[in-house]
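Asks: Each residue of the sequence shown is one higher than the one before, starting from 84 at the first, in the numbering used here.
Before we start, here is the structure in question, set down as structure tokens.
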Amino acid sequence: GVLVVGSITADVTAFSARFPRRGETVLGHDFTLVLGGKGANQAVASARAGARTWLAGCVGRDPFREIVLDGLRAHGVELDQVRTVDGRTGVAHIRVDASGENDIVITPLANAELGPAMVDASIAATAGKAGVLLLQLEVPAATTCHAAKAGRAAGLTVVLDPAPAQPLPDDTWPHIDLVTPNESEAAELTGVEVTDAASAERAGRWFLDRGVGHALITLGAGGAVSVTAAGARHFTAYQVTAVDTTAAGDAFTGSLGAALAAGDDVERAIRRGMAAGALATTRPGASPSLPGRDEVDALMTG
Ligand code: ADP
């Protein structure tokens, strides 16, 4: 199984022909309210990929709590490591215009309450059941860093999606088995401008130099570059017609984690992640766009 330590939000999205100017009001034509947050999205991706999946995260005491818990439950994520804390559930406030451009304000709220003690309790509660730990950076960085150390000590395979990118303490990197930044996150963390496979390899080496076992730089339609001490390898993307690339990275990481937990070798797990990422771009939205295991199998066997 897979343990995800991460964020849970209610994604509140308004769709309008164009964005309002500062101080202006425009009429929209659609609105959605769905489960989101990188932690929740990766948990859903992992569960849909067939892994028993626990999410350690925090929600508040408000009506959004029921909406996000319903979303997690509907996709088969185990809820016993989701804590309800005082205050409000985290919110991502999203606007989308006719061209598909978006802007987002994330208010962490309950997500700020996820602390090291909760992480330790969740690692203990899932001991012997979860073999892979998925981490991102939408919860307090100190919590993620603690989770990496505690997860490594507990014998879990630790996967970090360093999004949104932010500098981490040097002593965190050696606890990461696999890091999965996209181009912009890799660039922000390493200072290497990532534009192609060669620059992705240079960025990947930055993580290895700091003690990470395996760097996987995702390049959208350009596929992914895998860098280990044994060398670098470019995986080309599956061919699909992309309509909305939201959550491709979450589909990739969640599905990769599920495959590793199922005992797939890392190359096959990378391919499963890439197939899930490709499929997620063929449908609009975040958690509703995440593919199931059968669809991934179908794309992989062509
Ligand atoms: P993020 O959403 O974090 O920016 P990416 O866009 O790099 O992540 O997507 C993650 C993975 O999903 C890629 O490595 C690739 O395999 C797959 N993917 C993403 N976009 C496409 C696309 N347009 N066509 C095919 N595969 C894609």
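Every residue gets a Cβ at the ideal spot worked out from N, C-alpha and C, and that includes glycine.
The structure presented is a predicted model; accordingly, all values stated were derived computationally and were not measured.
Three or more beta-carbon pairs under 8 Å between the stretch 211-219 and the stretch 340-356, yes or no?
Replies: Yes, since at least three Cβ pairs between the stretch 211-219 and the stretch 340-356 fall closer than 8 Å, the two stretches touch.
Asks: Does the beta carbon of G122 fall short of 7 Å from some heavy atom of the ligand ADP?
Replies: Walking along the sequence shown from the start, residue 122 turns up at place 39. Flag unset: Cβ of G122 not near the ligand ADP.
Asks: Counting pairs of Cβ atoms below 8 Å between the stretch 125-139 and the stretch 369-378, do you hit three or more?
Replies: Verdict: yes, contact present.
Asks: In chain order, what are the residues with a CB under 6 Å from some non-hydrogen atom of the ligand ADP?
Replies: Taking each Cβ in turn, the ones that pass are N265, T301, L302, G303, A304, G306, A307, A320, Y321, V323, A325, T328, A331, G332, F335, M357, G360, A361 and T364.
Asks: Using only alpha-carbon positions, find the residue among A359, H258 and L251 that is nearest to A224.
Replies: The residue you call residue 224 lines up with position 141 of the sequence shown. Comparing Cα-Cα distances from A224 to each of A359, H258 and L251, the minimum goes to L251.
Asks: Can you look up D186 in the DSSP assignment and give me helix, strand or coil?
Replies: Residue mapping note: residue 186 aligns to position 103 of the sequence shown, counting from 1. In this structure, D186 counts as strand in the three-state DSSP scheme.
Asks: What do you reckon, is the C-beta of P371 under 7 Å from a heavy atom of the ligand SAH?
Replies: Questions concerning the ligand SAH fall outside what the structure shown contains, since the ligands it does hold are the ligand ADP.
Asks: Since I believe S370 is in contact with G119 (beta carbons under 8 Å), could you give me their beta-carbon distance rounded to a whole number of angstroms?
Replies: Residue numbering aside, residue 119 sits at position 36 when the sequence shown is read from its first letter. Residue numbering aside, residue 370 sits at position 287 when the sequence shown is read from its first letter. Indeed they touch by this definition, with Cβ atoms about 6 Å apart.
Asks: Taking C-alpha atoms, which residue in T263, T364 and A359 lies nearest to M383?
Replies: As a first step, residue 383 must be located in the sequence shown, where it is residue number 300. When each option's Cα is compared against that of M383, the closest is A359.
Asks: Work out the CA separation of P199 and V168 for me, nearest whole Å.
Replies: As a first step, residue 168 must be located in the sequence shown, where it is residue number 85. As a first step, residue 199 must be located in the sequence shown, where it is residue number 116. Each residue's Cα considered, the two are about 15 Å apart.
Asks: In chain order, which beta strand (DSSP E) runs of at least 3 residues are fully inside the stretch 213-270?
Replies: Listed in chain order, the complete beta strand (DSSP E) runs (minimum 3 residues) inside the stretch 213-270 are 215-218 and 240-243.
Asks: Rounded to whole angstroms, what is the Cα-Cα separation between E266 and L243?
Replies: Along the sequence shown, read from residue 1 onward, the residue named residue 266 stands at position 183. Along the sequence shown, read from residue 1 onward, the residue named residue 243 stands at position 160. Roughly 15 Å separates the two Cα atoms.
Asks: When we look at the beta-carbon of I187 and count the other beta-carbons within 10 Å, is it buried (16 or more) or exposed?
Replies: One-based indexing of the sequence shown puts residue 187 at position 104. Exposed, by the Cβ-count rule.
Asks: Taking C-alpha atoms, which residue in T328, A352 and D333 lies nearest to R366?
Replies: By 1-based counting over the sequence shown, the position of residue 366 is 283. Closest option to R366, Cα to Cα, is T328.
Asks: Under 8 Å by Cβ, that's how I've got K121 and Q249 pegged, so tell me the actual separation to the nearest angstrom.
Replies: The residue labelled residue 121 in the question sits at position 38 within the sequence shown. The residue labelled residue 249 in the question sits at position 166 within the sequence shown. Wrong, their Cβ atoms sit about 13 Å apart, outside the cutoff.
Asks: Can you check whether the CB of V295 is closer than 8 Å to the CB of A286?
Replies: On the sequence shown, residue 286 is found 203 positions in, with the first residue counted as 1. On the sequence shown, residue 295 is found 212 positions in, with the first residue counted as 1. Not in contact: A286 and V295 (Cβ atoms no closer than 8 Å).
Asks: Quick one: grab the DSSP three-state call for D113.
Replies: As a working mapping, residue 113 is identified with position 30 in the sequence shown. Strand, per DSSP.
Asks: Quick one: is L216 near chain D, going by C-beta distance under 8 Å?
Replies: The chain inventory of the structure shown lacks chain D, comprising one protein chain alone.
Asks: Can the beta-carbon of D180 be found closer than 8 Å to that of S99?
Replies: Translated into positions along the sequence shown, residue 180 becomes position 97. Translated into positions along the sequence shown, residue 99 becomes position 16. The answer is yes: Cβ separation under 8 Å.
Asks: Below 8 Å on the Cβ atoms is my contact criterion, and I expect A307 with M357 to pass it. Report the Cβ-Cβ distance as a whole number of Å.
Replies: Within the sequence shown, numbered from 1, the residue matching residue 307 stands at position 224. Within the sequence shown, numbered from 1, the residue matching residue 357 stands at position 274. Contact flag correct, Cβ pair sits at about 6 Å.
Asks: Name the DSSP beta bridge partners of I177, please?
Replies: Translated into positions along the sequence shown, residue 177 becomes position 94. Its beta-bridge partners are T96 and I187.
Asks: With which residues is G296 paired in a DSSP beta bridge?
Replies: Position 213 of the sequence shown, counted from the start, is the residue given in the question as residue 296. According to DSSP, G296 bridges with nothing at all.
Asks: Are the CB atoms of T96 and I150 within a distance shorter than 8 Å?
Replies: Within the sequence shown, residue 150 is the residue found at index 67, counting from 1. Within the sequence shown, residue 96 is the residue found at index 13, counting from 1. No, Cβ-Cβ distance for I150 and T96 is not below 8 Å.
Asks: Who are the Cβ neighbours of D260 in its own chain at under 7 Å, not counting the five residues just before and after it?
Replies: Here residue 260 refers to the residue found at position 177 of the sequence shown. T240, V241, V242, G296 and H297.
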